[in-house]
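Those letters in the sequence shown? Residues 2 to 238, per the numbering used here, in order.
Each residue gets a CB set at the ideal place from its N, CA and C atoms; glycine is no exception.
Written out below as structure tokens is the structure these notes cover.
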Amino acid sequence: MRLDKLVAKCGLGSRAQARELIRSGQVLVNGLPVKDGGLTLDPLGATVTVAGKEVNYCEFHYLMLNKPAGVISATRDTLHATVLELLPREYQHLKLFPVGRLDRDAQGLLLLTDDGQLAHSLLAPKKQVPKTYLALIRGCVAREDIEAFARGIVLSDFTTLPARLDILAAAEQSKVEVTICEGKFHQVKRMFHALGKEVLSLKRIAMGPLTLDARLAPGEARELTAGELNLLREWRQ
Ligand code: URA
């Protein structure tokens, strides 16, 4: 791999910024300054330091974000802030993208990665990756609703797969936990709407083997642990 690509992949800036760092003599390879960004090296075999700090090369990056309401799950948007803008600076130059979407007003667990294959396999409809949401509903959610979710709900353009609905509190407004194995546009909102109820707030708390880290405040992100990554990779098989 080219040295400038390796430095950029470690989250140290764009490729041009990486070249500048290299030109300025701040990058050492195996202890020696190298000023040629085009130098090719084995990213796992060489010791690279930038401004005195050793950098760890990883081919791909995996972040868990606690998405706040009000930002878009996309890499670009002309009107609203995107989830990428929330990430610390070292992740801004990696080509991360969200795995699936949460509506702008929805919150919670969003996985961001630059590993297209992993993302693709988690999103493949045949994988039926379960996604669990906590929702506040206008209306008193009752046993008939649990049964309707379990049967699958007929929407205007498709019938949903069976879904799990647990009622945490039922009154004029109800608190529920919902698990669906699909990810169609506005799916949870549409399922409740079909039963005459309205989703007032929605927060994703789990996706496949990942659960939202309760220590992440809205807007905060962290890298997946090795254990979480292994669980995700097992899911992909
Ligand atoms: N279902 C919805 O309606 N919105 C989301 O963001 C996710 C699931």
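#1: Please report the distance separating the alpha-carbon of R3 from that of L22.
#2: Give the DSSP-derived three-state secondary structure of F193 in the structure shown.
#3: Where does P219 sit, in a helix, a strand or coil, going by DSSP?
#4: Tell me whether F61 sits in a helix, a strand or coil according to DSSP, three-state version.
#5: Taking the alpha helix (DSSP H) that A151 belongs to, which residues open and close that run?
#6: Which term fits G38, buried or exposed, when burial requires 16 or more other beta carbons within 10 angstroms of its beta carbon?
#7: I'd like the span of the alpha helix (DSSP H) that includes A170, first residue to last.
#8: Return the first residue and the last residue of the beta strand (DSSP E) that I294 is part of.
#9: Please name the residue in F61, S25, L40 whose C-alpha comes closest to that of C11.
#10: Residues in its own chain within less than 7 Å of G26 by CB, not counting five upstream and five downstream?
#11: Once the 5 residues before and after A172 are set aside, which same chain residues still bring their CB inside 8 Å of it?
#12: In angstroms with no decimal places, state the Cα-to-Cα distance between H81 and G71.
#13: What are the boundary residues of the beta strand (DSSP E) that includes Q27?
#14: For S202, which beta-bridge partners are listed by DSSP?
#15: For the ligand URA, any of its heavy atoms closer than 7 Å to the Cβ of L66?
#16: List the whole-angstrom C-beta distance separating E183 from L135, where the pair is believed to meet the contact cut-off of C-beta under 8 Å.
#17: Could you tell me the boundaries of the beta strand (DSSP E) in which V49 lies?
#18: Please report how far the alpha carbon of K6 lies from the alpha carbon of Y92, in whole angstroms.
#19: Which same chain residues, not among the five before or five after M208, have their C-beta less than 6 Å away from its C-beta?
#20: Less than 8 Å separating the beta-carbons of A9 and H94?
According to the structure data:
#1: Locating residue 3 in the sequence shown gives position 2, where the first residue counts as 1. Locating residue 22 in the sequence shown gives position 21, where the first residue counts as 1. Roughly 14 Å separates the two Cα atoms.
#2: Stepping through the sequence shown from its first residue, residue 193 is reached at position 192. If DSSP states are grouped into helix, strand and coil, F193 belongs with the helices.
#3: For the purposes of this step, residue 219 is taken as residue 218 along the sequence shown, with counting starting at 1. Three-state result, P219: coil.
#4: The residue labelled residue 61 in the question sits at position 60 within the sequence shown. In this structure, F61 counts as coil in the three-state DSSP scheme.
#5: Within the sequence shown, residue 151 is the residue found at index 150, counting from 1. Note, A151: alpha helix (DSSP H), 144–152.
#6: Counting from one through the sequence shown, the residue named residue 38 turns up at place 37. With 16 or more Cβ atoms within 10 Å of its Cβ, G38 is classed as buried.
#7: As a first step, residue 170 is located in the sequence shown; it is residue number 169 there, counting from the start. From DSSP, A170 is part of no alpha helix (DSSP H) but of the beta strand (DSSP E) over 165–170.
#8: In the structure displayed, the chain extends from 2 to 238; residue 294 sits before or after that span and is not available.
#9: As a working note, residue 11 is residue 10 in the sequence shown. Ranking the options by Cα distance to C11, first place goes to F61.
#10: Reading the sequence shown from its first residue, position 25 is the one you call residue 26. Excluding its 5 nearest sequence neighbours in each direction, G26 has C-beta neighbours in its own chain below 7 Å: P34, K36, listed in chain order.
#11: For the purposes of this step, residue 172 is identified with residue 171 of the sequence shown, where counting begins at 1. Within the same chain, Cβ atoms closer than 8 Å to the Cβ of A172 are found at C141, the five residues on either side in sequence being excluded.
#12: Position 80 of the sequence shown, counted from the start, is the residue given in the question as residue 81. Position 70 of the sequence shown, counted from the start, is the residue given in the question as residue 71. H81 and G71 have their C-alpha atoms roughly 8 Å apart.
#13: Within the sequence shown, the letter at position 26 stands for residue 27. First-last for Q27: undefined, no H or E at that position.
#14: Position 201 of the sequence shown, counted from the first residue, corresponds to residue 202. BP columns for S202 point to L137.
#15: For the purposes of this step, residue 66 is identified with residue 65 of the sequence shown, where counting begins at 1. No, since every heavy atom of the ligand URA falls outside the 7 Å radius drawn around the Cβ of L66.
#16: Within the sequence shown, numbered from 1, the residue matching residue 183 stands at position 182. Within the sequence shown, numbered from 1, the residue matching residue 135 stands at position 134. Contact doesn't hold; Cβ gap of about 18 Å is too wide.
#17: Your numbering for residue 49 matches position 48 in the sequence shown. In this chain, the beta strand (DSSP E) harbouring V49 covers 49–51.
#18: Position 5 of the sequence shown holds residue 6. Position 91 of the sequence shown holds residue 92. Approximately 14 Å, taken between the alpha carbons.
#19: Residue 208 sits at position 207 when you count from the first residue of the sequence shown. Residues L110, K132 of the same chain have their beta carbon placed closer than 6 Å to that of M208, with the five preceding and five following residues left out of the count.
#20: On the sequence shown, position 8 is the one that residue 9 refers to. On the sequence shown, position 93 is the one that residue 94 refers to. By the CB criterion at 8 Å, A9 and H94 fall inside the cutoff.
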